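This report concerns only the one structure given below.
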Amino acid sequence: MILVTGATGNLGQNVVQHLQQHLALNEFAVLARSQSKAQHYLNQGIKVIYGDFDQPETLKHAFQGIDKLLLTSTMEQNRFEQHKNVIDAAKYAGVKHVLYTGLAIRNIQTSAVEDLMISHFQTENYLKNSGLTYTFLRNTMYAEAIPQIIGEQAVSNGLALAGGVGKVPYATRAELGEATANAIMQDGHENKIYSLVGSHAYSYQDIADLLSEISDQKVNYQNLDDSSYMDLLQSIGLPDFLVFLTHGTVCDIQQHQYEVSSTDLEMLLGRKTQSLKDYLTTAYTSNS
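So for the sequence shown, full-length UniProt numbering puts the first residue at 1; every next one is plus one.
In structure tokens:
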């Protein structure tokens, strides 16, 4: 039996969708702390098991009879404590294999968002030291993050960021969800570390050039200095946490932190990843 955590989130929904295409309904289940959020799974005949990352006793019960567990990373401030609860409960319940969705980055110790993202690697270390069979699925930045960072009106307004010439090997959530589902269903991924990154890497200048091609109008990229970019983020009224996260992420791009090269995602998909031009065409023509 396979159990998927985070199934009501964006990545988790893509994982479940792919499992549905290949497995019988009695071969997998989803974990949820709210029946209302998981009601659409119940309506499809998918088993929903109650469990709360902040209540370890619920997890010990939820994980009984589970062979493979997908631990989809959370975005909570106490992320490592939540993940630790999951791993401890998995060991207690006799789960055979835990797969964890982490982060593909070159050096977390020099990341501008180390305080937030270090918990991914703390989780990996804790899982590795637990004695459980593991698979680490280190995800690149979602292509879906591009409109959130450059704005949905980037074609008309242009790009203004402090990204320098740094590049990112973007992949879509659908691709990462499919690859994750394949890793769960297949054998041979035990105690492996995979960097799930796109087939090609793109800078913000590349993105501006692609948007120019798509829209048939010139889209400019203005490479701001760090201080000007921080002022811009604050001027548009973002909450402090989003200012920190967006600024830090773009700084990491500038410092080439996301320039991880790997064919692991291609291996799990059995093909190259979608071109960024195709993704941007869908994302920006649908908004026009």
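All C-beta atoms in this analysis are idealised placements derived from N, C-alpha and C, irrespective of residue type, glycine included.
The structure displayed is predicted, hence computed values, not measured ones.
Quiz prompt | Whole-Å CB distance - residue 357 paired with L265, under 8 Å assumed | solution = Shown here, the chain extends from 1 to 288; a query on residue 357 therefore has no answer.
Quiz item: Taking DSSP as the reference, what is the three-state secondary structure of residue 295?
Solution: Shown here, the chain extends from 1 to 288; a query on residue 295 therefore has no answer.
Quiz item: Are there 16 or more other CB atoms within 10 angstroms of the CB of E178, so buried, or fewer, so exposed?
Solution: Looking up residue 178 in the sequence shown gives position 178. Buried, because 16 or more other Cβ atoms sit within 10 Å of the Cβ of E178.
Quiz item: Among residues of its own chain, excluding the 5 on either side of N191, which ones have a beta-carbon nearer than 7 Å to its beta-carbon?
Solution: Translated into positions along the sequence shown, residue 191 becomes position 191. For N191, where only same-chain residues beyond five positions count, the Cβ hits under 7 Å are T133, Y134.
Quiz prompt | Of the listed residues M75, E76, F63, Y221, nearest to I87 (C-alpha basis) | solution = Position 87 of the sequence shown, counted from the start, is the residue given in the question as residue 87. Closest option to I87, Cα to Cα, is F63.
Quiz item: CB-CB under 7 Å to A183, same chain, minus the five flanking residues each way: which ones, in chain order?
Solution: Locating residue 183 in the sequence shown gives position 183, counting from the first residue. Cβ within range, chain order: L99, T135, L137, H189, L268.
Quiz item: Is S288 buried or exposed, if buried means 16 or more other CB atoms sit within 10 Å of its CB?
Solution: By 1-based counting over the sequence shown, the position of residue 288 is 288. Legend: pLDDT at S288 = 46, less than 50; position of this residue unreliable, no value from coordinates given.
Self-check item: Helix, strand or coil at F136 [DSSP, three-state]
Solution: Along the sequence shown, one-based indexing puts residue 136 at 136. Three-state DSSP puts F136 in a strand.
Quiz item: Would you call I66 buried or exposed, if buried means 16 or more other Cβ atoms sit within 10 Å of its Cβ?
Solution: One-based indexing of the sequence shown puts residue 66 at position 66. Buried.
Exercise. Grab the span of the alpha helix (DSSP H) containing Q234 for me, first residue to last.
Key: Within the sequence shown, numbered from 1, the residue matching residue 234 stands at position 234. Looking at the DSSP string, the run of the alpha helix (DSSP H) that includes Q234 is 226 to 235.
Quiz item: What span of residues does the alpha helix (DSSP H) with Y142 cover, start to end?
Solution: Residue mapping note: residue 142 aligns to position 142 of the sequence shown, counting from 1. Run containing Y142: none; DSSP gives neither H nor E here.
Quiz item: Alpha carbon to alpha carbon, what distance is there between S235 and H40?
Solution: Taking the first residue of the sequence shown as position 1, residue 40 is located at position 40. Taking the first residue of the sequence shown as position 1, residue 235 is located at position 235. Distance between the alpha carbons of H40 and S235 is about 39 Å.
Quiz item: For K47, which of helix, strand or coil comes out of DSSP?
Solution: Position 47 of the sequence shown, counted from the first residue, corresponds to residue 47. The answer is strand: DSSP assigns K47 an E or B state.
Practice problem: May I have the straight-line CA-CA distance separating Q205 from L161, to the nearest angstrom? | Solution: Locating residue 205 in the sequence shown gives position 205, counting from the first residue. Locating residue 161 in the sequence shown gives position 161, counting from the first residue. Distance between the alpha carbons of Q205 and L161: 10 Å.
Quiz prompt | Closest residue to L211 among H61, Y279, E57, N85 (Cα-Cα distance) | solution = By 1-based counting over the sequence shown, the position of residue 211 is 211. Closest by alpha carbon: Y279.
Practice problem: Can you grab the Cα-Cα spacing for the pair A93 / H22, in whole Å? | Solution: The count along the sequence shown starts at 1 and reaches residue 93 at position 93. The count along the sequence shown starts at 1 and reaches residue 22 at position 22. Using only the alpha carbons, I get a separation of about 26 Å.
Self-check item: Separation of V30 from K47, as counted between CA atoms
Solution: For this step, residue 47 is matched to residue 47 along the sequence shown. For this step, residue 30 is matched to residue 30 along the sequence shown. The alpha-carbon atoms of K47 and V30 are separated by roughly 6 Å.
Self-check item: Residues of its chain near Y194, where Cβ-Cβ distance is below 6 Å and the 5 sequence neighbours each way are ignored
Solution: Here residue 194 refers to the residue found at position 194 when the sequence shown is read from its first residue. Closer than 6 Å at the Cβ level, and outside the excluded window around Y194, lie L137, D264.
Self-check item: the region 159 to 173 contacting the region 249 to 261, beta-carbon criterion three pairs below 8 Å
Solution: yes
Quiz item: For S195, which residues does DSSP report across the bridge?
Solution: For the purposes of this step, residue 195 is taken as the residue at position 195 of the sequence shown. According to DSSP, which records beta bridges pairwise, S195 is partnered with R138.
Practice problem: Would you give the residue range spanned by the alpha helix (DSSP H) that Y258 belongs to? | Solution: Position 258 of the sequence shown, counted from the first residue, corresponds to residue 258. Element bounds for Y258: n/a, residue is neither H nor E.
Quiz item: Looking only at DSSP bridge pairs, what is T123 linked to?
Solution: By 1-based counting over the sequence shown, the position of residue 123 is 123. Its beta-bridge partners do not exist; DSSP assigns none.
Exercise. Have a look at S227 and Q255 and give me their C-alpha separation to the nearest angstrom.
Key: Sequence index remark: in the sequence shown, residue 227 carries index 227 (1-based). Sequence index remark: in the sequence shown, residue 255 carries index 255 (1-based). For S227 and Q255, the distance between alpha carbons rounds to 16 Å.
Self-check item: Three-state secondary structure assigned by DSSP to H189
Solution: For the purposes of this step, residue 189 is taken as the residue at position 189 of the sequence shown. Here H189 sits in coil by DSSP.
Quiz item: F80: which of K96, F53, N26 sits nearest, CA to CA?
Solution: Here residue 80 corresponds to residue number 80 of the sequence shown, with the count starting at 1. Looking at the Cα atoms, F53 is the closest of the given residues.
Practice problem: Quick one: residues in its chain with C-beta nearer than 7 Å to the C-beta of H247, no 5 flanking neighbours on either side, listed in chain order? | Solution: Residue numbering aside, residue 247 sits at position 247 when the sequence shown is read from its first letter. Closer than 7 Å at Cβ, skipping near neighbours: Y229, M230, L233.
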